[in-house]
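Going by the numbering used here, the residue at position 457 of the sequence shown is 464; the numbering climbs one at a time, nothing skipped.
Worksheet for the structure shown next.
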Amino acid sequence: MYDVSPAPPEPGLISLAAQSGAQKAGENIISRALDAVIDSTKRKFGEAGVHLGTAFRRYLENASKRYNLIRTLATGPTPRSIIGQDNIYVSIGLQYQGKEYDTSTIDPLLRISRRLLILGTGGAGKSMLMRYLFLNTANRGEYVPILLELRRVSNQTQGQISILDLIYACMLEYDAQLQREQLEYSLRLGKYLFLFDGLDEVRETLAGEAAEALQAFSAKYPKNPCVITSRPKENASLLETFTIVESMPLKKEQAVLLASKIWEEDEKTKEFCRQLDELLYDKHRDFAENPLLLSMMFLTFMRNSSIPDHLADFYQKSYDALYSAHDGHDKGCYRRDFCCKALDEGTFKLIFSHFCFHSYFREIYEFSESEILSLLQRSIAKIGAADTSPAGYLTDLRNVVCMIVRDGDIYRFSHRSFQAYFAACYTSQVLSDEQQTKLFHSYLSDGRTFFERQDYYTLLSQIEPERFSANALEAGLRELMERIAGMDDPDVFLLKTMYQAVSFRENNQLSYTITFHGEGLYYFNIVQLYTSCATAGKGLHLPSEEYHRQHAIVKEFFQRQGVTLSSLDSFSQIDDSTCFTDEERHALYSALAVIDRIPETCASIRNWLSELDAKRASLKLPDFIDDL
8 MYDVSPAPPE PGLISLAAQS GAQKAGENII SRALDAVIDS TKRKFGEAGV HLGTAFRRYL
68 ENASKRYNLI RTLATGPTPR SIIGQDNIYV SIGLQYQGKE YDTSTIDPLL RISRRLLILG
128 TGGAGKSMLM RYLFLNTANR GEYVPILLEL RRVSNQTQGQ ISILDLIYAC MLEYDAQLQR
188 EQLEYSLRLG KYLFLFDGLD EVRETLAGEA AEALQAFSAK YPKNPCVITS RPKENASLLE
248 TFTIVESMPL KKEQAVLLAS KIWEEDEKTK EFCRQLDELL YDKHRDFAEN PLLLSMMFLT
308 FMRNSSIPDH LADFYQKSYD ALYSAHDGHD KGCYRRDFCC KALDEGTFKL IFSHFCFHSY
368 FREIYEFSES EILSLLQRSI AKIGAADTSP AGYLTDLRNV VCMIVRDGDI YRFSHRSFQA
428 YFAACYTSQV LSDEQQTKLF HSYLSDGRTF FERQDYYTLL SQIEPERFSA NALEAGLREL
488 MERIAGMDDP DVFLLKTMYQ AVSFRENNQL SYTITFHGEG LYYFNIVQLY TSCATAGKGL
548 HLPSEEYHRQ HAIVKEFFQR QGVTLSSLDS FSQIDDSTCF TDEERHALYS ALAVIDRIPE
608 TCASIRNWLS ELDAKRASLK LPDFIDDL
C-alpha cells in the first residue's frame with residue numbers, strides 16, 4: 008500500500024521530477040489533484056483505489072522526466088530543460104478577439120473557454136507550449152494533465168478511432184499500472200486537463216474522423232478542460248464546440264531572450280543578440296518571430312554572418328550550416344564525422360530529397376526503424392549509390408545534419424518544414440516539366456485542399472518561380488478564365504463552382520464548405536495557389552468597411568431565412584428557397600463573391616496571363632534575336 012495522504016507543497020516540483028526527486032513530485036500531485044478521484048474510486052473499487060494513486064504517481068513521474076527534456080536543432084544532442092535551472096522556455100502569447108493572453112499558466116486560457124483550439128504555423132512553439140503547460144499544471148496540482156501527441160491516431164484503423172484507447176495506452180507507456188475501467192470511471196470527476204498536440208500531424212485519411220472523435224470525447228467528459236493544437240487546416244473547422252485562439256509571433260524582446268537562453272554566452276552569441284535587437288528582427292521579421300526559424304537564423308548567422316531574404320534560400324543556408332558543422336568551424340549543433348564518407352554533398356542531399364518527396368506525398372511523418380531504413384534503401388537505390396549503408400546514412404541524418412530525430416522507437420523529422428523543403432528540391436531537380444504538370448494537376452484534384460501542402464508549393468514557387476508558374480498554374484488558370492468568360496455573372500459562377508455552401512460560425516464569422524469532388528476542388532485550389540504563390544496576396548485585400556458592408560448583407564439573409572450555425576449543407580437550399588426574389592438571391596451571392604475577393608482575384612489572373620503573353624511575344628522580336 009502507498010500513502011496518498013496530503014503533503015505540503017514543495018518548490019520546483021517538476022524540475023525535481025525531471026531529475027531525481029520525481030517521487031515527491033508525484034506524491035504531491037496525487038494528494039492535491041486526485042483526492043476526489045481516489046476517494047471515489049476507493050468506494051467503487053475498494054483497495055484498487057489506493058493502487059490508482061500509485062499508478063498516477065508513476066505516470067506523472069515518468070511523463071515529467073520525458074516532457075521536461077528536449078533537444079532542438081540549435082542545441083544539438085544534449086537535452087535542455089523546459090522548466091527549472093538553465094531552462095530554454097520563453098512563454099509565447101495567444102490571442103483571442105484581438106486581445107493577448109498570457110500562457111505562463113493554464114488559468115487565463117480556461118477563462119476564454121474550457122474547449123480551446125490553438126492554431127499556429129509550423130515552428131510557432133505549440134508543442135513546446137503544450138509540454139510547458141503539462142509541467143506547470145502538474146506542479147500546481149489543480150488538474151492532472153494528460154498530454155497526447157495526436158500523431159498516434161495515424162496508427163489506428165479508419166472507422167475505429169478511440170481517443171480513450173490512445174490516452175490509456177499513453178498512460179501505460181509511462182508505467183501507469185491501472186485498469187481501463189478505473190481510468191474511464193475517474194474521467195467523470197473532472198480532475199483532468201487534456202492536452203492534445205498536433206491535429207495537423209494526423210494522416211489526412213483519418214484527420215476528419217480524428218476531429219470528430221476529439222469533439223465526441225470532450226462532450227462525453229465535459230468536466231475536464233481540453234486544449235488542442237494544430238496548424239491551420241480545413242479539418243480544424245469540424246471542432247465547432249472549440250473556441251479558436253491563435254499563437255502570436257515572438258516579439259523582439261521575446262526573440263532576444265530566447266536566443267540568449269538557447270545558446271551559450273560567448274562573443275558571437277552576444278553579437279547575434281545585439282544585431283537581432285538592432286537590425287535583424289525588423290529586417291527578417293518573418294523568420295525572427297518564429298522560434299524554429301529563429302534557431303535556424305542563428306545557425307545561418309554563425310556560418311554566413313548574414314540572413315537570406317527568401318524562405319527557400321533560408322532553408323538551404325540553414326541546411327548548409329548543419330551539413331558543414333561537422334568540420335568544427337560552425338557552432339550551434341553537434342559535430343561528428345560522417346559514416347557515409349564516400350558520398351559527396353550533392354548526392355547526400357539528393358538521397359534525402361528523394362526520401363522527403365516520397366514520404367511527404369504519402370503523408371508519412373514518422374517511422375519505425377524498419378520503415379525508415381526500407382525507405383532510405385529505396386532512395387539510395389534510386390539515386391544510384393548502391394554501396395551506401397542505409398543504417399550509416401540514417402546515423403548521418405541524425406547525428407551530423409540533424410534532419411531526423413529519434414524518440415523512443417520512433418523516428419521523425421527534426422521539423423516537418425525540412426521535409427516539405429526537400430520534397431520541393433526533388434521536384435525541381437529531378438522531375439521533368441511533363442512530370443511536374445501531371446503531379447500538380449493530380450494533387451490539386453485529389454480531395455485535399457491547397458492548404459494541406461501550402462508549405463511545399465510556396466517553397467517550390469521560390470526555388471523555380473517561372474517554371475512553377477508554367478507547370479502548376481498557367482494551364483489551369485487559362486482553362487478557368489475561358490470557362491467563366493461566357494457566363495452572365497462569372498464571379499457568382501466561380502463562387503458556386505468552388506464552394507458547396509456557406510454558414511455562420513459561433514464567432515459570427517463566415518465558414519465556407521468546399522466542394523471536394525470534381526472540378527470544384529481543382530478550381531478552388533488553383534485559385535488559392537495563384538493568390539498565395541504568384542501574388543503573395545498583394546493587392547487582393549478587401550477594405551475593412553467593404554467587408555463589413557457585404558457581411559451585413561449575408562447576415563441579414565441568414566436571419567430572414569432562419570438558417571442557424573452549420574445548417575446550410577448546399578447552395579441548393581438557397582436556390583430552392585421561395586422566401587426571396589431572384590434579385591435578393593443574386594445580391595446574396597454577389598456579397599459572398601466580394602467577401603471572398605473573387606472579382607479582384609479574377610482581374611489579377613487576367614492581368615497576369617496577359618503579362619505572360621506579352622513577355623513571350625517580346626522574345627520573338629528581331630531586336631531581341633540580334634541582341635543575342
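Beta carbons: idealized from backbone N, C-alpha and C, even for Gly.
Please state whether the Cβ-Cβ distance between residue i and residue j is less than 8 Å.
{"i": "Ile119", "j": "Tyr103", "result": "yes"}
{"i": "Ile77", "j": "Ile89", "result": "yes"}
{"i": "Gln184", "j": "Ala62", "result": "yes"}
{"i": "Ile4", "j": "Thr354", "result": "The requested residue 4 is not part of the displayed model; the chain covers only 8 to 635."}
{"i": "Leu154", "j": "Leu202", "result": "yes"}
{"i": "Ala430", "j": "Phe364", "result": "yes"}
{"i": "Phe457", "j": "Leu536", "result": "yes"}
{"i": "Tyr279", "j": "Phe305", "result": "It should be noted that the sequence gives Phe, not Tyr, for residue 279. Cβ atoms of Phe279 and Phe305: closer than 8 Å."}
{"i": "Leu101", "j": "Leu117", "result": "no"}
{"i": "Tyr330", "j": "Val408", "result": "yes"}
{"i": "Glu471", "j": "Ser435", "result": "yes"}
{"i": "Tyr150", "j": "Leu206", "result": "no"}
{"i": "Thr395", "j": "Leu357", "result": "no"}
{"i": "Leu126", "j": "Glu253", "result": "yes"}
{"i": "Tyr372", "j": "Glu208", "result": "yes"}
What are the partner residues of residue i, as DSSP defines its beta bridges?
{"i": "Asp394", "result": "Partner(s): none; Asp394 has no beta bridge."}
{"i": "Cys432", "result": "Paired residue(s): none; Cys432 is not in a bridge."}
{"i": "Asp204", "result": "Glu156"}
{"i": "Val499", "result": "Partner(s): none; Val499 has no beta bridge."}
{"i": "Lys106", "result": "Tyr103"}
{"i": "Ile77", "result": "Arg87"}
{"i": "Thr520", "result": "Ala508"}
{"i": "Ser237", "result": "Leu126"}
{"i": "Thr112", "result": "For Thr112, which the question treats as bridged, DSSP gives no partner whatsoever."}
{"i": "Arg413", "result": "Tyr418"}
{"i": "Arg374", "result": "Strictly speaking, residue 374 in this sequence is Phe, with Arg absent from that position. In the DSSP output, where bridge partners are listed per residue, Phe374 has Tyr418."}
{"i": "Ser254", "result": "Leu101"}
Near residue i, which residues of its chain fall below 8 Å by C-beta distance, leaving aside the five closest residues on each side in sequence?
{"i": "Ala600", "result": "Asp498, Val499, Leu501, Leu502, Pro606"}
{"i": "Gln163", "result": "Ser169, Asp172, Leu173, Leu213"}
{"i": "Glu591", "result": "Phe564"}
Which residues in the same chain as residue i place their Cβ atom closer than 6 Å to its Cβ, once the five residues preceding and following it in sequence are excluded?
{"i": "Arg385", "result": "none"}
{"i": "Lys230", "result": "Gly197"}
{"i": "Met303", "result": "Ser325"}
{"i": "Ala55", "result": "In this prediction, Ala55 has a pLDDT of 48, which is less than 50 and means its spatial position is unreliable; what the coordinates show is noted afterwards. Around Ala55: no qualifying Cβ."}
{"i": "Asn614", "result": "none"}
{"i": "Glu296", "result": "Pro256, Leu257"}
{"i": "Ile113", "result": "Leu140, Thr144"}
What's the gap between the Cα of residue i and the Cα of residue j?
{"i": "Ala393", "j": "Ile387", "result": "6 Å"}
{"i": "Arg423", "j": "Leu299", "result": "11 Å"}
{"i": "Pro550", "j": "Lys290", "result": "27 Å"}
{"i": "Glu526", "j": "Phe475", "result": "21 Å"}
{"i": "Met255", "j": "Leu124", "result": "14 Å"}
{"i": "Ile602", "j": "Tyr228", "result": "38 Å"}
{"i": "Arg485", "j": "Tyr506", "result": "20 Å"}
{"i": "Glu489", "j": "Ala482", "result": "11 Å"}
{"i": "Leu404", "j": "Ile269", "result": "22 Å"}
{"i": "Tyr554", "j": "His548", "result": "10 Å"}
{"i": "Cys432", "j": "Tyr400", "result": "19 Å"}
{"i": "Ser313", "j": "Phe564", "result": "54 Å"}
{"i": "Ala218", "j": "Asp344", "result": "44 Å"}
{"i": "Leu157", "j": "Gly132", "result": "16 Å"}
{"i": "Lys258", "j": "Ser111", "result": "16 Å"}
{"i": "Ile491", "j": "Phe578", "result": "19 Å"}
{"i": "Ile521", "j": "Leu451", "result": "13 Å"}
{"i": "Cys347", "j": "Leu619", "result": "46 Å"}
{"i": "Leu179", "j": "Arg187", "result": "10 Å"}
Using C-beta distances below 7 Å, list every residue in its chain close to residue i, excluding the 5 sequence neighbours before and after it, in chain order.
{"i": "Ala398", "result": "Leu380"}
{"i": "Ala427", "result": "Tyr367, Asp462, Tyr463, Leu466"}
{"i": "Tyr519", "result": "Tyr506, Val509"}
{"i": "Asn311", "result": "Lys324"}
Exercise. May I have a chain-ordered list of the alpha helix (DSSP H) segments no shorter than 4 residues that lie completely inside the segment 546 to 622?
Key: 551 to 568, 579 to 582, 589 to 602
Quiz item: Whole alpha helix (DSSP H) runs in the segment 164 to 189 with 4 or more residues, listed along the chain?
Solution: As far as the segment 164 to 189 is concerned, its whole alpha helix (DSSP H) runs of at least 4 residues are 170 to 180.
Quiz item: Counting only runs that start and end within the segment 272 to 329, where is the alpha helix (DSSP H) found for 4 or more residues in a row?
Solution: 274 to 282, 292 to 295, 298 to 311
Self-check item: 4 or more residues per run - each alpha helix (DSSP H) lying fully within the segment 415 to 464
Solution: Listed in chain order, the complete alpha helix (DSSP H) runs (minimum 4 residues) inside the segment 415 to 464 are 423 to 437, 440 to 450.
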